[in-house]
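Colleague: Below you'll find the structure I mean.
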């Protein structure tokens, strides 16, 4: 920070004040566009203001929160305003996080204020600590800045140390006619297992019911709730047992951790090869060096299992951090991390900004997973940001996957990352040869009269698993009961009024739902277009698969896990139920096929492996290959050999190989051989959106010709795959080429535009 001490007055515009210091402050106000960095001054005897200090500054007629982003500012040639409050060092952001935010805002074309808000403990809202210094009367500061951690929080439902089980008391069907649909669904689920005590959390997950529905059924005497002690299962032992290959990798990478620029490593291990043991070994080495480890997982659903597993190795020193935490819980977690009471931080994208002061290791588990890409602004990719954070912090980054992303493969081939492989399965014992994989040609199966959802081969495998008390996982990348409703006479399809998508039928709700905007419509008896035919329903969603399984195996305990099942408690309930063998068959979307470790699973099946294969996206083949490969790893993780069944209508489709995929990407100039930027304009009027898209395309073409940038292909304008969403018409441009990032960064995009740097899909 530059301090004025001499008798020489500064340049005209800035009044001379002895002892005055100047710094650049980024305003943390989400509504501000661009970088929003301004120069302020502070007079003695104010404390030092290193990079990352949280301050309160005047901005127009308001007083806002800011972060010092540069503390070595020359005396400006213009008048400046003074900093009004400085917050304690407990609130200070690490300089590495500030540098990361500055880079992230520039790379992803995001407002700096919105990015810095990610690094604040509670959604960017100020006030997690009282000011330690004020320039004047603290009463003049905005009240949110003075809210302390001791302030009474808003009332939240307490989490008891006991769980509840539900028992069916009345099974008569006649008395349920006046009950709501959710209440009937709960009773139907309980009737399927009349003598069982069913975990309440699991029942809520299976049926989509709320606690209010359960309370109503209890009051009316249909069911009873009985408390039981809540148990938390710790996976594995505190002592890490590693194979010789795993020990060699840990020794090698531990030495690399001591280097000033350790770089990044791709740990490519087949499913069940013991990558987690390598992570644990490296974490132990980092902690022994007085460092902390940051572990990224792609989804909240994987967080509880990771906490259990790593918590056994580091008792009481592991925390989870993700976007579903409440404000109070998140603040408490940040305080534990900041105060050094934590060795391992596990979380999703938001964990990247945790106050890990002694960072020594970053692990990106399942690095190929598309969930690492944020769907909302700033549209960051956690893998890219984690690699940048590792570079800024000078720590080792380990990317782990059984099916690495093609771009990550290219990093190893180009020498930017090192490749280490674990080619053999460890989980399940040395005598376990890995799961048996059968591909079922559904064309022949359907022609032969078999069920298009559960083939004869799958039925037999499920029956054997149930007979021997083993579990099964069924994967289908669709929610709902039926994918498509269709009039056989005129071809009418129920569509969302606000989006250009067909509605999905949910049988348990008796509703058509739009999975884009949430629009709901009641089903109709006859076609509203021709009034001659009843609608027929085609395709299968997860709910339809659950129904089919329960029809064939009425005594099986079946649960569903897809994006309709929300919240950490629900994920925890399913995880605990699978680990304690209280679920026989788990049906779900892609989340059940990645990263989960359930030793009791003997059968894993893809109901329809073709779901993504023919989508109009250049990554469709890669994603299908990853989905099937990850599913194979879910079966046979215990002592019994697993059985994997892949049902497909395209059994002859070539397997996706890395070399072939890289050759395709190189030929067509797709990442990693060229940069991509996707720009989408949304407006109520379709013609207006098209005109705006065409106008910007012409501007960019002209700009590309005049600015000294590498060649950029401007593809479009074209309508988006979902042409209308939430009442907005959508058109898009694709910028492809090495200069696309620079071109997008230099263009002034209007408020109707959403710009996605490094998109993972072009739909």
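In this note's numbering, the protein residues as written are 1182 to 1944. All residues carry an ideal CB built from backbone N, CA and C; glycine is no exception. Since the model is a prediction, treat every value here as computed from it, not as a measurement.
Taking 6 Å as the limit between beta carbons, can you name the residues of its chain near residue 1762, skipping five residues before and five after?
Modeller: Residue numbering aside, residue 1762 sits at position 581 when the chain shown is read from its first letter. Excluding residues within five positions, the ones whose Cβ falls inside 6 Å are 1781.
Colleague: What is the DSSP secondary structure of residue 1760, counted as helix, strand or coil?
Modeller: Residue 1760 sits at position 579 when you count from the first residue of the chain shown. Note: residue 1760 maps to helix in three-state DSSP.
Colleague: If you drop the 5 nearest sequence neighbours on each side, which residues of the same chain put their C-beta closer than 6 Å to that of residue 1929?
Modeller: For the purposes of this step, residue 1929 is taken as residue 748 along the chain shown, with counting starting at 1. If we look at residue 1929 and ignore the five residues flanking it on each side, it has no Cβ neighbours.
Colleague: Buried or exposed for residue 1259, please, with buried defined as at least 16 other CB atoms from any protein chain shown within 10 angstroms of its CB.
Modeller: In the chain shown, counting from the first residue as 1, residue 1259 sits at position 78. Counting Cβ neighbours within 10 Å, residue 1259 comes out exposed, since fewer than 16 surround it.
Colleague: Return the residue from the list 1682, 1705, 1712 and 1709 that minimises the CA-CA distance to residue 1699.
Modeller: Reading the chain shown from its first residue, position 518 is the one you call residue 1699. When each option's Cα is compared against that of residue 1699, the closest is 1682.
Colleague: Going by CA-CA distance only, name the one from 1917, 1905, 1452 and 1806 that's closest to residue 1855.
Modeller: The residue you call residue 1855 lines up with position 674 of the chain shown. Cα-wise, what sits closest to residue 1855 is 1917.
Colleague: For residue 1295 and residue 1509, I'd like the C-alpha separation in whole angstroms.
Modeller: The count along the chain shown starts at 1 and reaches residue 1295 at position 114. The count along the chain shown starts at 1 and reaches residue 1509 at position 328. Cα-Cα distance, rounded: 21 Å.
Colleague: So, for residue 1301: in the same chain, excluding its five sequence neighbours on each side, which residues have a beta-carbon less than 6 Å away from its beta-carbon?
Modeller: Locating residue 1301 in the chain shown gives position 120, counting from the first residue. Excluding sequence neighbours, residue 1301 sits near nothing in its chain.
Colleague: Run through the DSSP bridge pairs and tell me what residue 1687 is partnered with.
Modeller: Here residue 1687 is taken as the residue at index 506 of the chain shown, counted from 1. According to DSSP, residue 1687 bridges with 1692.
Colleague: Quick check: residue 1208 and residue 1241, are their CB atoms within less than 8 Å of each other?
Modeller: Here residue 1208 refers to the residue found at position 27 when the chain shown is read from its first residue. Here residue 1241 refers to the residue found at position 60 when the chain shown is read from its first residue. Result no, Cβ atoms of residue 1208 and residue 1241 do not sit closer than 8 Å.
Colleague: Thinking just about the alpha-carbon of each residue, which of 1383, 1278, 1351 and 1382 is nearest to the one in residue 1372?
Modeller: Working through the chain shown from its first residue, we reach residue 1372 at position 191. When each option's Cα is compared against that of residue 1372, the closest is 1351.
Colleague: Given residue 1225, which residues of its chain have a CB within under 6 Å of its CB, disregarding the five upstream and five downstream residues?
Modeller: Walking along the chain shown from the start, residue 1225 turns up at place 44. Correct list, in chain order: 1200.
Colleague: Pull up the CB-CB distance for residue 1742 and residue 1773, whole angstroms please, since I reckon it's below 8 Å.
Modeller: Residue numbering aside, residue 1742 sits at position 561 when the chain shown is read from its first letter. Residue numbering aside, residue 1773 sits at position 592 when the chain shown is read from its first letter. Right, the Cβ-Cβ distance comes to about 6 Å (below 8 Å), so this counts as a contact.
Colleague: Can you tell me which of 1214, 1729, 1479 and 1548 puts its alpha carbon nearest to the alpha carbon of residue 1635?
Modeller: As a position in the chain shown, residue 1635 is number 454, starting the count at 1. Looking at the Cα atoms, 1729 is the closest of the given residues.
Colleague: Please name the residue, chosen from 1215, 1495, 1424 and 1807, that lies closest to residue 1605 on a Cα-to-Cα basis.
Modeller: Reading the chain shown from its first residue, position 424 is the one you call residue 1605. The shortest Cα separation from residue 1605 among 1215, 1495, 1424 and 1807 belongs to 1424.
Colleague: Please tell me whether residue 1249 and residue 1204 are closer than 8 Å, where the distance is taken between their beta carbons.
Modeller: Within the chain shown, numbered from 1, the residue matching residue 1249 stands at position 68. Within the chain shown, numbered from 1, the residue matching residue 1204 stands at position 23. Yes.
Colleague: State the start and end residues of the unbroken beta strand (DSSP E) segment that holds residue 1157.
Modeller: Nothing in the structure corresponds to residue 1157, since the chain is present only between 1182 and 1944.
Colleague: Between residue 1264 and the rest of its own chain, which residues show a CB-CB distance below 6 Å, the 5 nearest in sequence each way excluded?
Modeller: Position 83 of the chain shown, counting from 1, holds the residue named residue 1264. Contacts found: 1221, 1223, 1236 and 1238.
Colleague: Could you please give the first and the last residue of the uninterrupted alpha helix (DSSP H) stretch that includes residue 1430?
Modeller: Here residue 1430 is taken as the residue at index 249 of the chain shown, counted from 1. Its alpha helix (DSSP H) spans residues 1425-1438.
Colleague: Taking a contact to mean a Cβ-Cβ separation below 8 Å, would you say residue 1893 touches residue 1924 in this structure?
Modeller: One-based indexing of the chain shown puts residue 1893 at position 712. One-based indexing of the chain shown puts residue 1924 at position 743. Yes; because the gap between Cβ atoms is below 8 Å, this pair is in contact.
Colleague: Do you know how far the Cα of residue 1505 is from the Cα of residue 1337?
Modeller: As a first step, residue 1337 is located in the chain shown; it is residue number 156 there, counting from the start. As a first step, residue 1505 is located in the chain shown; it is residue number 324 there, counting from the start. The predicted model places residue 1337 with a pLDDT of 32, which falls under 50 and marks its position as unreliable; any figure quoted below should be read in that light. Distance between the alpha carbons of residue 1337 and residue 1505: 14 Å.
Colleague: Which partner residues of residue 1220 appear in the DSSP bridge assignment?
Modeller: As a working mapping, residue 1220 is identified with position 39 in the chain shown. As DSSP reads the structure, residue 1220 sits in a beta bridge with 1205.
Colleague: Starting from the C-beta of residue 1603, find all residues in its chain whose C-beta is less than 6 Å away, skip the five residues before and the five after it, and write them out in chain order.
Modeller: Taking the first residue of the chain shown as position 1, residue 1603 is located at position 422. Here the set comprises 1450 and 1454.
Colleague: State yes or no: is the C-beta of residue 1472 within less than 8 Å of the C-beta of residue 1541?
Modeller: Taking the first residue of the chain shown as position 1, residue 1472 is located at position 291. Taking the first residue of the chain shown as position 1, residue 1541 is located at position 360. It is a contact, given that the beta carbons lie within the stated cut-off.
Colleague: If you count every other CB in all the chains shown that lies within 10 Å of the CB of residue 1520, and 16 or more means buried, which is it?
Modeller: Position 339 of the chain shown, counting from 1, holds the residue named residue 1520. It is exposed - the Cβ of residue 1520 has fewer than 16 other Cβ atoms within 10 Å.
Colleague: Around the C-beta of residue 1363, are 16 or more other C-beta atoms found within 10 angstroms, so that it is buried, or is it exposed?
Modeller: The residue you call residue 1363 lines up with position 182 of the chain shown. Under this definition residue 1363 is a buried residue.
Colleague: Who are the Cβ neighbours of residue 1941 in its own chain at under 8 Å, not counting the five residues just before and after it?
Modeller: In the chain shown, counting from the first residue as 1, residue 1941 sits at position 760. Excluding positions up to five away in sequence, the list reads 1551, 1554, 1562 and 1800.
Colleague: Which value, in whole angstroms, describes the spacing of the CA atoms of residue 1262 and residue 1429?
Modeller: Against the chain shown, residue 1262 aligns to sequence position 81. Against the chain shown, residue 1429 aligns to sequence position 248. For residue 1262 and residue 1429, the distance between alpha carbons rounds to 58 Å.
Colleague: Quick one: residues in its chain with C-beta nearer than 6 Å to the C-beta of residue 1479, no 5 flanking neighbours on either side, listed in chain order?
Modeller: Position 298 of the chain shown holds residue 1479. The answer, listed in chain order, is 1547, 1550, 1552 and 1553.
Colleague: Kindly indicate which three-state DSSP category residue 1935 falls into: helix, strand or coil?
Modeller: Here the question's residue 1935 lines up with position 754 in the chain shown. In this structure, residue 1935 counts as strand in the three-state DSSP scheme.
Colleague: Where does residue 1653 fall in DSSP's three states?
Modeller: On the chain shown, residue 1653 is found 472 positions in, with the first residue counted as 1. Reduced to three states, the DSSP call for residue 1653 is strand.
Colleague: Using C-beta distances below 6 Å, list every residue in its chain close to residue 1900, excluding the 5 sequence neighbours before and after it, in chain order.
Modeller: The count along the chain shown starts at 1 and reaches residue 1900 at position 719. The beta carbon of residue 1900 sits closer than 6 Å to the beta carbons of 1912 from its chain, once the five residues preceding and following it are set aside; these are given in chain order.
Colleague: Measure the C-alpha to C-alpha separation of residue 1288 and residue 1927 and round it to an integer number of angstroms.
Modeller: Residue mapping note: residue 1288 aligns to position 107 of the chain shown, counting from 1. Residue mapping note: residue 1927 aligns to position 746 of the chain shown, counting from 1. Their Cα atoms are separated by approximately 12 Å.
Colleague: Closest to residue 1984 by C-alpha separation, out of 1491, 1844, 1784 and 1725, would be which residue?
Modeller: The first residue shown for the chain is 1182 and the last is 1944, placing residue 1984 beyond what the model contains.
Colleague: Using a Cβ-Cβ cutoff of less than 7 Å, which residues in the same chain neighbour residue 1600 once the five nearest sequence positions on both sides are dropped?
Modeller: Taking the chain shown and counting its residues from 1, one reaches residue 1600 at position 419. Leaving aside the five residues that flank residue 1600 on each side, the residues in its chain whose CB is nearer than 7 Å to its CB run, in chain order, 1447, 1449 and 1593.
Colleague: What is the C-beta distance between residue 1642 and residue 1826, in whole angstroms, given that I count them as a contact (C-beta under 8 Å)?
Modeller: Against the chain shown, residue 1642 aligns to sequence position 461. Against the chain shown, residue 1826 aligns to sequence position 645. Sure, about 6 Å apart at Cβ, within 8 Å.
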